[in-house]
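S.K.: My structure is below; once you've seen it, I'll send some questions.
2 protein chains.
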Amino acid sequence: MTTPSRVTIKDVAARAGVSKGAVSLAFNRKPGVSDATRDRIFEAARQLGWEPNPTARSLAGRRVDAVGLAICRPARLLGLEPFYMEFVSGVESVLTEHACSLLLRLVRTVEEEVGLQDSWWRGKHVSGSILVDFRADDPRAAAVRRLGIPVVAVGHPSLTGGLTSVWTDDASAVTEAVRYLAALGHVRIARVGGTAALGHTAIRTAAFDAAARALGLTGASQVATDFSGDVGARATRSLLAAPAADRPTAIVYDNDIMAVAGLSVAAEMGLSVPGDVSLLAWDDSQLCRLTHPTLSAMSHDVHGFGAEVARTLFGVITGDGGAGSHAVPTPVLTPRGSTAPPR
Amino acid sequence: MTTPSRVTIKDVAARAGVSKGAVSLAFNRKPGVSDATRDRIFEAARQLGWEPNPTARSLAGRRVDAVGLAICRPARLLGLEPFYMEFVSGVESVLTEHACSLLLRLVRTVEEEVGLQDSWWRGKHVSGSILVDFRADDPRAAAVRRLGIPVVAVGHPSLTGGLTSVWTDDASAVTEAVRYLAALGHVRIARVGGTAALGHTAIRTAAFDAAARALGLTGASQVATDFSGDVGARATRSLLAAPAADRPTAIVYDNDIMAVAGLSVAAEMGLSVPGDVSLLAWDDSQLCRLTHPTLSAMSHDVHGFGAEVARTLFGVITGDGGAGSHAVPTPVLTPRGSTAPPR
DNA sequence: AATAAGGACTTTACCGGTTTAGTAACGGCT
DNA sequence: AGCCGTTACTAAACCGGTAAAGTCCTTATT
Numbered sequence: 039m040t041t042p043s044r045v046t047i048k049d050v051a052a053r054a055g056v057s058k059g060a061v062s063l064a065f066n067r068k069p070g071v072s073d074a075t076r077d078r079i080f081e082a083a084r085q086l087g088w089e090p091n092p093t094a095r096s097l098a099g100r101r102v103d104a105v106g107l108a109i110c111r112p113a114r115l116l117g118l119e120p121f122y123m124e125f126v127s128g129v130e131s132v133l134t135e136h137a138c139s140l141l142l143r144l145v146r147t148v149e150e151e152v153g154l155q156d157s158w159w160r161g162k163h164v165s166g167s168i169l170v171d172f173r174a175d176d177p178r179a180a181a182v183r184r185l186g187i188p189v190v191a192v193g194h195p196s197l198t199g200g201l202t203s204v205w206t207d208d209a210s211a212v213t214e215a216v217r218y219l220a221a222l223g224h225v226r227i228a229r230v231g232g233t234a235a236l237g238h239t240a241i242r243t244a245a246f247d248a249a250a251r252a253l254g255l256t257g258a259s260q261v262a263t264d265f266s267g268d269v270g271a272r273a274t275r276s277l278l279a280a281p282a283a284d285r286p287t288a289i290v291y292d293n294d295i296m297a298v299a300g301l302s303v304a305a306e307m308g309l310s311v312p313g314d315v316s317l318l319a320w321d322d323s324q325l326c327r328l329t330h331p332t333l334s335a336m337s338h339d340v341h342g343f344g345a346e347v348a349r350t351l352f353g354v355i356t357g358d359g360g361a362g363s364h365a366v367p368t369p370v371l372t373p374r375g376s377t378a379p380p381r
Numbered sequence: 039m040t041t042p043s044r045v046t047i048k049d050v051a052a053r054a055g056v057s058k059g060a061v062s063l064a065f066n067r068k069p070g071v072s073d074a075t076r077d078r079i080f081e082a083a084r085q086l087g088w089e090p091n092p093t094a095r096s097l098a099g100r101r102v103d104a105v106g107l108a109i110c111r112p113a114r115l116l117g118l119e120p121f122y123m124e125f126v127s128g129v130e131s132v133l134t135e136h137a138c139s140l141l142l143r144l145v146r147t148v149e150e151e152v153g154l155q156d157s158w159w160r161g162k163h164v165s166g167s168i169l170v171d172f173r174a175d176d177p178r179a180a181a182v183r184r185l186g187i188p189v190v191a192v193g194h195p196s197l198t199g200g201l202t203s204v205w206t207d208d209a210s211a212v213t214e215a216v217r218y219l220a221a222l223g224h225v226r227i228a229r230v231g232g233t234a235a236l237g238h239t240a241i242r243t244a245a246f247d248a249a250a251r252a253l254g255l256t257g258a259s260q261v262a263t264d265f266s267g268d269v270g271a272r273a274t275r276s277l278l279a280a281p282a283a284d285r286p287t288a289i290v291y292d293n294d295i296m297a298v299a300g301l302s303v304a305a306e307m308g309l310s311v312p313g314d315v316s317l318l319a320w321d322d323s324q325l326c327r328l329t330h331p332t333l334s335a336m337s338h339d340v341h342g343f344g345a346e347v348a349r350t351l352f353g354v355i356t357g358d359g360g361a362g363s364h365a366v367p368t369p370v371l372t373p374r375g376s377t378a379p380p381r
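Sequences listed follow chains A and B, in order.
So the mapping is simple: the numbering used here equals the position in the first sequence, first residue as 1, plus 38.
So the mapping is simple: the numbering used here equals the position in the second sequence, first residue as 1, plus 38.
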């Protein structure tokens with residue numbers, strides 16, 4: 039455990055025969071150092087293998103090289119939600135270009151998240167944060183505004199309290215999903231939704247209602263879940279257990295996992311997909327192409343979504359551009375093998 | 039964007055009528071402050087809503103409240119790999135108890151990771167790191183030892199160069215998988231493996247070979263993939279396209295995703311599972327219970343694995359205990375609907 | 001020739017804590 | 001009374017940088 043003789047700016051300065059200040063100027067590409075000296079400094083730094091200590095740098099008031107993301111969902115559930123990992127990997131792909139890391143933390147409540155963001159920011163651990171999973175009356179918008187933290191909120195502008203936001207048009211997507219199924223001839227359409235407390239779930243629920251009413255679909259129904267495959271399976275089972283005359287002939291799911299679960303419930307109950315019941319997934323991770331039949335889905339580029347969020351955050355942090363709300367492309371219906379006209 | 043008047047240790051000291059030093063002592067529960075004063079200090083801090091600035095703290099030489107994890111796999115692939123997100127969520131669950139965050143970064147090469155770990159450590163951004171995905175002649179063990187970074191390596195002791203490690207006994211698990219299939223009567227068993235460059239893939243490959251030879255299975259064969267569903271599907275397709283007499287009657291996959299993909303390939307080729315071909319998945323995420331038929335799998339508690347890794351890391355960081363190598367329970371065969379005797 | 005204007009650095013003052021050395025006050029002991 | 005050992009604090013140095021305010025020297029301007 040021999041501490042490898044930490045080399046600091048002072049060593050570099052000594053070796054290059056200049057002051058600390060000169061080294062700092064050189065390394066931050068600021069004017070005030072001649073080319074010759076700059077070269078000498080860089081050479082000295084290279085020889086000693088020095089690079090500025092980020093902690094000291096951020097204490098002294100510079101930007102930090104990490105952004106925060108707190109996720110408020112049960113740890114065990116997250117593990118299987120393809121959305122998040124794909125979202126995170128999209129975020130990472132942009133951060134990496136900026137030599138920036140992601141500070142990730144699971145929290146239990148939004149209140150806990152507020153405290154965390156506060157301490158991350160005041161402790162200069164992050165130069166900005168990504169806020170996800172907005173719910174009704176979310177305290178985070180007010181909190182981060184009060185603290186002055188640069189953030190980008192993931193969610194519809196109506197939920198994110200005026201913060202710079204990036205969002206997908208869930209309402210339009212739900213409407214398209216319902217219209218598509220109705221166009222195939224389905225009348226009894228069900229929706230297996232996500233966690234009721236989440237704002238975007240509420241938006242989808244309202245949109246589903248509106249679309250069903252507009253199309254005069256009498257047998258439309260919705261249930262809420264927690265996004266897990268188990269609960270999704272249970273919901274599907276109870277929907278499909280109804281007498282054939284009442285049973286939905288099409289089900290829309292709020293994520294892929296539940297759709298996969300629904301597929302196997304149908305199989306287990308001896309119902310054919312899409313013959314007896316059509317299934318429509320959401321997010322369209324790779325999973326949808328790996329089942330049999332393949333799953334029709336509302337498809338969007340989650341990786342790209344994450345990347346866009348990260349790009350927007352950099353805009354907010356540097357102060358140039360980025361304010362306002364940015365819609366990313368609306369999920370588009372991708373018909374595959376799990377949807378067809380009802381029998 | 040009104041900066042909310044950062045409150046520092048000086049303010050607390052002033053308010054409590056003591057010096058900065060006293061506040062520091064009080065907050066670090068060190069002797070040298072009377073109970074009465076300590077209470078006054080805490081009260082002052084509470085009123086001002088102060089808590090020590092971690093950056094300043096770590097500059098001044100204290101421990102940091104984050105641990106690092108760099109993952110070296112293509113971003114798009116990670117998105118769907120249930121293993122990682124579940125592993126990470128297990129790690130998080132323990133970190134959270136210690137009010138510690140995870141610094142996550144995707145890297146392209148191990149060399150890049152070495153540089154990153156170096157800069158994280160020297161910059162006091164992390165108090166330790168988790169190292170995953172060891173490959174042959176991995177440079178990381180030597181590097182972190184040279185730098186004196188507290189780490190826990192995830193992988194078999196033969197791969198992790200003497201670092202404190204946590205590992206699952208892949209060899210035994212593979213052997214059990216092969217024995218199980220052989221016991222069912224299978225002779226032509228194939229394995230769709232992961233990325234060949236990874237150490238644990240090599241271990242499984244060797245173990246598969248050994249087990250097949252030991253059992254005198256003449257038709258055993260293996261292919262390498264990149265862990266993605268697409269490539270897994272392609273591998274399955276080419277295995278099953280062989281004439282019936284050569285075609286494997288059982289396939290072991292190195293993760294869940296590829297097994298799910300394999301299941302749908304079988305269906306698409308008109309082969310019944312487990313009638314014509316048995317499939318065995320690996321990791322056993324929730325996914326395996328969501329397919330039809332459900333997937334038999336080598337099952338282990340990935341979440342708990344991550345948690346154990348985090349606990350071990352804390353042991354290494356604090357210096358008490360933790361050295362050596364810790365095996366977590368070997369994946370255990372969980373038969374479900376996708377395996378049966380060959381026809 | 002006197003003066004202003006830059007350029008190239010150096011000095012010095014922080015950033016917000018921790019930590020060490022130093023001091024004053026108090027109690028116990030001989 | 002004198003000496004020692006604690007205890008409770010304070011003052012100041014330090015961590016490794018950044019940034020504002022000098023200093024000195026050269027060159028252009030009037």
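Every residue gets a Cβ at the ideal spot worked out from N, C-alpha and C, and that includes glycine.
Using a Cβ-Cβ distance under 8 Å, would ASN393/A count as near chain B?
M.R.: Here chain A comprises residues numbered 39 to 381, so residue 393/A is not present and cannot be evaluated.
S.K.: Answer yes if the stretch 365–373 of chain B comes into contact with the stretch 331–343 of chain B, meaning at least three C-beta pairs across the two stretches below 8 Å, and no otherwise.
M.R.: yes
S.K.: Three-state secondary structure (DSSP) at MET296/A?
M.R.: Residue 296/A sits at position 258 when you count from the first residue of the first sequence. Helix.
S.K.: So GLU135/B contacts chain A; which residues on that side make the cut at Cβ distance below 8 Å?
M.R.: Numbered from its first residue, the second sequence carries residue 135/B at position 97. Here the premise fails: no neighbours, minimum Cβ distance about 11 Å.
S.K.: By the criterion of Cβ-Cβ separation under 7 Å, what are the contact partners of SER96/B in chain A?
M.R.: Within the second sequence, residue 96/B is the residue found at index 58, counting from 1. Neighbours of SER96/B on chain A, chain order: THR93.
S.K.: Since I believe ALA180/B is in contact with GLY199/B (beta carbons under 8 Å), could you give me their beta-carbon distance rounded to a whole number of angstroms?
M.R.: Position 161 of the second sequence, counted from the start, is the residue given in the question as residue 199/B. Position 142 of the second sequence, counted from the start, is the residue given in the question as residue 180/B. GLY199/B to ALA180/B, Cβ: 7 Å. Contact.
S.K.: Who are the neighbours of TYR122/B on chain A, taking C-beta pairs under 8 Å?
M.R.: Taking the first residue of the second sequence as 1, we reach residue 122/B at position 84. Residues of chain A passing the Cβ test: MET123.
S.K.: What do you get for MET296/A, buried or exposed, if any count of 16 or more other CB atoms within 10 angstroms of its CB means buried?
M.R.: By one-based count along the first sequence, residue 296/A stands at place 258. Burial is judged here by how many other beta carbons sit within 10 angstroms of a residue's own beta carbon; MET296/A has at least 16 and is buried.
S.K.: Residues in its own chain within less than 7 Å of VAL261/A by CB, not counting five upstream and five downstream?
M.R.: As a first step, residue 261/A must be located in the first sequence, where it is residue number 223. So the qualifying residues of the chain are VAL230, GLY231 and ALA273.
S.K.: Got a sec: is the Cβ-Cβ distance from SER127/A to anything in chain B below 8 Å?
M.R.: Taking the first sequence and counting its residues from 1, the one referred to as residue 127/A is at position 89. Yes, SER127/A counts as interfacial toward chain B.
S.K.: Using Cβ-Cβ distances below 8 Å, what residues of the stretch 44–74 of chain A are close to chain B?
M.R.: ARG44
S.K.: Considering only the alpha carbon of each residue, which of PRO331/B, ALA319/B and ALA280/B lies closest to ALA299/A?
M.R.: Counting from 1 along the first sequence, the entry for residue 299/A is found at position 261. Among PRO331/B, ALA319/B and ALA280/B, the Cα nearest to that of ALA299/A belongs to PRO331/B.
S.K.: Between the Cα of ARG84/A and the Cα atoms of PHE65/A, ALA98/A and PRO92/A, which residue gives the shortest distance?
M.R.: One-based indexing of the first sequence puts residue 84/A at position 46. Answer by Cα proximity: PHE65/A.
S.K.: Checking the sheet assignment: what are the DSSP bridge partners for ILE289/A?
M.R.: Position 251 of the first sequence holds residue 289/A. ALA228/A and LEU317/A, per the DSSP bridge assignment.
S.K.: Going by the beta-carbon positions, is the gap between GLY128/A and PHE352/A smaller than 8 Å?
M.R.: The residue you call residue 128/A lines up with position 90 of the first sequence. The residue you call residue 352/A lines up with position 314 of the first sequence. Not in contact: GLY128/A and PHE352/A (Cβ atoms no closer than 8 Å).
S.K.: Where does GLY55/A sit, in a helix, a strand or coil, going by DSSP?
M.R.: For the purposes of this step, residue 55/A is taken as the residue at position 17 of the first sequence. Note: GLY55/A maps to coil in three-state DSSP.
S.K.: On the CB-based measure, 16 or more other CB atoms within 10 Å of its CB, does ARG367/A come out buried or exposed?
M.R.: In the first sequence, residue 367/A corresponds to position 329, counting from 1. In the sequence as displayed, the identity of residue 367/A is Pro instead of Arg. That one is exposed.
S.K.: Beta-carbon of ARG275/A versus every beta-carbon of chain B: anything under 8 Å?
M.R.: Position 237 of the first sequence holds residue 275/A. No, its Cβ sits nowhere closer than 8 Å to a Cβ of chain B.
S.K.: Kindly indicate which three-state DSSP category GLY106/B falls into: helix, strand or coil?
M.R.: Within the second sequence, residue 106/B is the residue found at index 68, counting from 1. Three-state DSSP puts GLY106/B in a strand.
S.K.: Can you name the residues of chain A whose CB is closer than 8 Å to the CB of ALA252/B?
M.R.: Within the second sequence, the letter at position 214 stands for residue 252/B. Residues of chain A passing the Cβ test: none, with the nearest at roughly 33 Å.
S.K.: In terms of alpha-carbon separation, which member of GLY254/A, VAL303/A and ARG178/A lies closest to CYS110/A?
M.R.: Position 72 of the first sequence, counting from 1, holds the residue named residue 110/A. Comparing Cα-Cα distances from CYS110/A to each of GLY254/A, VAL303/A and ARG178/A, the minimum goes to ARG178/A.
S.K.: Since GLN324/A contacts GLY267/B with CB under 8 Å, what's their CB separation in whole angstroms?
M.R.: Here residue 324/A refers to the residue found at position 286 of the first sequence. Here residue 267/B refers to the residue found at position 229 of the second sequence. Contact between GLN324/A and GLY267/B holds: CB atoms are separated by about 5 Å, below the 8 Å threshold.
S.K.: Look up TRP158/B in the DSSP assignment and say whether it is helix, strand or coil.
M.R.: For the purposes of this step, residue 158/B is identified with residue 120 of the second sequence, where counting begins at 1. DSSP places TRP158/B in helix when its eight states are reduced to three.
S.K.: Let me check understanding here. Comparing Cα to Cα, which of LEU201/A, ALA174/A, LEU197/A and ASP175/A lies closest to GLY186/A?
M.R.: Here residue 186/A refers to the residue found at position 148 when the first sequence is read from its first residue. The shortest Cα separation from GLY186/A among LEU201/A, ALA174/A, LEU197/A and ASP175/A belongs to LEU201/A.
S.K.: Strictly below 9 Å CB to CB, what residues from chain A border ILE295/B?
M.R.: Along the second sequence, one-based indexing puts residue 295/B at 257. Listed along the chain, the chain A residues whose CB falls inside 9 Å of the CB of ILE295/B are GLN324, LEU325 and LEU328.
S.K.: How many Å lie between ALA51/A and HIS341/B at the Cα?
M.R.: Start at 1 with the first residue of the first sequence, and residue 51/A comes out as number 13. Start at 1 with the first residue of the second sequence, and residue 341/B comes out as number 303. If you take the alpha carbons of ALA51/A and HIS341/B, they lie about 48 Å apart.
S.K.: Within 8 Å of any Cβ in chain B, is that where the Cβ of ALA279/A sits?
M.R.: Within the first sequence, residue 279/A is the residue found at index 241, counting from 1. So no, ALA279/A is outside the interface.
S.K.: When you compare the CB positions of PHE121/A and ASN293/A, do they come within less than 8 Å of one another, or not?
M.R.: Here residue 121/A corresponds to residue number 83 of the first sequence, with the count starting at 1. Here residue 293/A corresponds to residue number 255 of the first sequence, with the count starting at 1. Contact: yes.
S.K.: Opposite ALA365/A in the DSSP bridges: which residues?
M.R.: On the first sequence, residue 365/A is found 327 positions in, with the first residue counted as 1. Partner(s): TRP205/A.
S.K.: With 8 Å set as the bound, which would you pick, yes or no: does the beta-carbon of LEU144/A sit closer than that to a beta-carbon of chain B?
M.R.: Along the first sequence, read from residue 1 onward, the residue named residue 144/A stands at position 106. By this cut-off, LEU144/A is an interface position.
S.K.: Looking at chain B, which residues of the stretch 169–195 of chain A have a Cβ within less than 7 Å of any of its Cβ atoms?
M.R.: ARG184, LEU185 and GLY186
S.K.: Can you find a CB in chain B that lies within less than 8 Å of the CB of ARG160/A?
M.R.: Looking up residue 160/A in the first sequence gives position 122. Closer than 8 Å to some Cβ of chain B, the Cβ of ARG160/A qualifies, so yes.
S.K.: Taking only beta-carbon positions, decide if THR41/B is within less than 8 Å of chain A.
M.R.: Numbered from its first residue, the second sequence carries residue 41/B at position 3. Confidence at THR41/B is low in this model, with a pLDDT of 40, below 50, so the placement of that residue should be treated as unreliable; the coordinate-derived value is given next. Yes - at least one Cβ of chain A is within 8 Å of the one on THR41/B.
S.K.: Secondary structure at PRO42/A, three-state DSSP: helix, strand or coil?
M.R.: Stepping through the first sequence from its first residue, residue 42/A is reached at position 4. Note on PRO42/A: pLDDT 46, under 50, position unreliable in the model; the coordinate value appears next. PRO42/A falls in the coil class under three-state DSSP.
S.K.: Per DSSP, THR355/B forms a beta bridge with which residues?
M.R.: Stepping through the second sequence from its first residue, residue 355/B is reached at position 317. Thr is not the amino acid found at residue 355/B; the sequence shown has Ile there. Per DSSP, none; premise fails for ILE355/B.
S.K.: According to DSSP, simplified to helix, strand and coil, what is ARG173/A?
M.R.: Position 135 of the first sequence, counting from 1, holds the residue named residue 173/A. If DSSP states are grouped into helix, strand and coil, ARG173/A belongs with the strands.
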